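S.K.: Below are the structure tokens for one structure; questions will follow.
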Amino acid sequence: MKLKFVHAMLQFIIATTCCFIFLSCNLQPDYKQAEQYIRGSEKQWAESVANGDSIVIVRILADDFIGVDPDGSQYNKQAMVKGTYDAPKYFLSNHLNEVKIRFYGNTAVAQGNETWVKRKDSSTGRFVWTDTWVLRNGKWQIVAAEDLIAPVR
Numbered sequence: 822m823k824l825k826f827v828h829a830m831l832q833f834i835i836a837t838t839c840c841f842i843f844l845s846c847n848l849q850p851d852y853k854q855a856e857q858y859i860r861g862s863e864k865q866w867a868e869s870v871a872n873g874d875s876i877v878i879v880r881i882l883a884d885d886f887i888g889v890d891p892d893g894s895q896y897n898k899q900a901m902v903k904g905t906y907d908a909p910k911y912f913l914s915n916h917l918n919e920v921k922i923r924f925y926g927n928t929a930v931a932q933g934n935e936t937w938v939k940r941k942d943s944s945t946g947r948f949v950w951t952d953t954w955v956l957r958n959g960k961w962q963i964v965a966a967e968d969l970i971a972p973v974r
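In this note's numbering, the protein residues as written are 822 to 974.
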């Protein structure tokens, strides 16, 4: 009798464990919530160019982040944080115009554009960009970005 009980308990534990493993493998991120977070974060990053808020950069860029500037040079998270402190010297404003977000499992691609005004001469310009977001340890972060300067529409 005791052996049957132990055998039944083992079967129950194995079946339950298999169910949890199966269910956890099939869990999808909450894309609606993720889209809101990514959209808001992209807006904050755009605004940081004019307000110098590097806290948003620290939060949204992964430690292994690599970006590509319009001139083709690469930069990392640390360079972006430092550049954010200096950016308000050069930019009066920067406004996110639009962003489109598509999800591929635990990866999101955000593509958008923003319009800026330079502090020195009030000239305007437009950045067009692609950011690659990855969900790691329950946190969405940008692992790659590429920017280009485009004509103002």
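All C-beta atoms in this analysis are idealised placements derived from N, C-alpha and C, irrespective of residue type, glycine included. None of the values given here were measured: they were computed from a predicted structure.
To the nearest angstrom, how far is it from the Cα of Tyr896 to the Cα of Thr945?
M.R.: Taking the straight line joining both Cα atoms gives about 24 Å.
S.K.: Where Ile887 and Asp874 are concerned, what is the direct C-alpha to C-alpha distance, given to the nearest angstrom?
M.R.: Their Cα atoms are separated by approximately 19 Å.
S.K.: Assuming contact is defined by CB atoms lying nearer than 8 Å, are Phe948 and Ile970 in contact in what I supplied?
M.R.: Contact flag set, yes.
S.K.: Going by DSSP in three states, Lys941 sits in which element: helix, strand or coil?
M.R.: Coil at Lys941, not helix or strand.
S.K.: Leu844 by DSSP, collapsed to three states: which one?
M.R.: For Leu844, the predicted structure reports a pLDDT of 49, less than 50, and the residue's modelled location is therefore unreliable. A value from the coordinates is still provided. Correct three-state label for Leu844: helix.
S.K.: In the DSSP assignment, find the alpha helix (DSSP H) that holds Asn872 and state where it starts and stops.
M.R.: 852-872 is the span of the alpha helix (DSSP H), which, as asked, contains Asn872.
S.K.: Quick one: Cα of Arg880 to Cα of Phe912, how far?
M.R.: Each residue's Cα considered, the two are about 22 Å apart.
S.K.: What are the boundary residues of the alpha helix (DSSP H) that Ala900 is part of?
M.R.: Ala900 -> alpha helix (DSSP H) spans 898-907.
S.K.: Count Cβ pairs between the segment 861-871 and the segment 913-928 that sit closer than 8 Å; are there 3 or more?
M.R.: In short, these stretches touch, since the Cβ pair count reaches three.
S.K.: Between the C-alpha atoms of Leu844 and Ala883, what's the straight-line distance to the nearest angstrom?
M.R.: At Leu844, the pLDDT of 49 sits below 50, so the modelled position is not reliable; the number obtained from the coordinates is stated separately. Cα to Cα, Leu844 sits roughly 28 Å from Ala883.
S.K.: Quick one: what does DSSP say Arg923 is sitting in, helix, strand or coil?
M.R.: DSSP places Arg923 in strand when its eight states are reduced to three.
S.K.: Over what stretch of residues does the beta strand (DSSP E) that includes Val964 continue unbroken?
M.R.: Where Val964 is concerned, the enclosing beta strand (DSSP E) stretches over 960-971.
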